[in-house]
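**Student:** Pasting a structure below so you can have a look.
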Amino acid sequence: MSPTFAGDIKVFAVGTLSYIIDELVKAYNMKYPNDMVKIIIGSAGKGYNQIENGAPYDIFLSADMEYPENLKKKGFAISDVKPYLMEFWRQYE
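Printed below as a string of structure tokens:
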């Protein structure tokens, strides 16, 4: 039997994701019910500045890839920056 790990996960997400973030957390908690996910919503620039100043976020969801890429270059990220979402919309004629 493998051990079960529980943890607190702090996520900074941009406001454009606020409409879907609850569903993402719900899906995550179905798979990992012992984890506590805390979401902070704000602008990408605000999240960037907070991380630079020591905010303890585990995940940074930004609509502008430049912010997480710059944080990675400055040594604030432990993994590569990955695109997480592509949004499509229908153009009306």
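Per our numbering, the sequence shown runs over residues 12 to 104. C-beta atoms are modelled at their ideal positions from N, C-alpha and C, and glycine is treated no differently.
What residue from Ile50, Lys57, Asn81 has the CA that sits closest to Asp69's CA?
**Tutor:** Ile50
**Student:** Among Ile31, Glu63, Ile20, which residue has its Cα nearest to the Cα of Leu82?
**Tutor:** Glu63
**Student:** With Ala55 and Ala74 assumed to form a contact (beta carbons below 8 angstroms), what rounded beta-carbon distance in angstroms separates them?
**Tutor:** Between Ala55 and Ala74 the beta-carbon gap is near 6 angstroms, inside 8 angstroms, which marks them as a contact.
**Student:** By a C-beta neighbour count over all protein chains shown, 10 Å radius and 16 as the cutoff for buried, is Gly65 buried or exposed?
**Tutor:** exposed
**Student:** What residue range does the alpha helix (DSSP H) around Gly58 cover?
**Tutor:** 55 to 63
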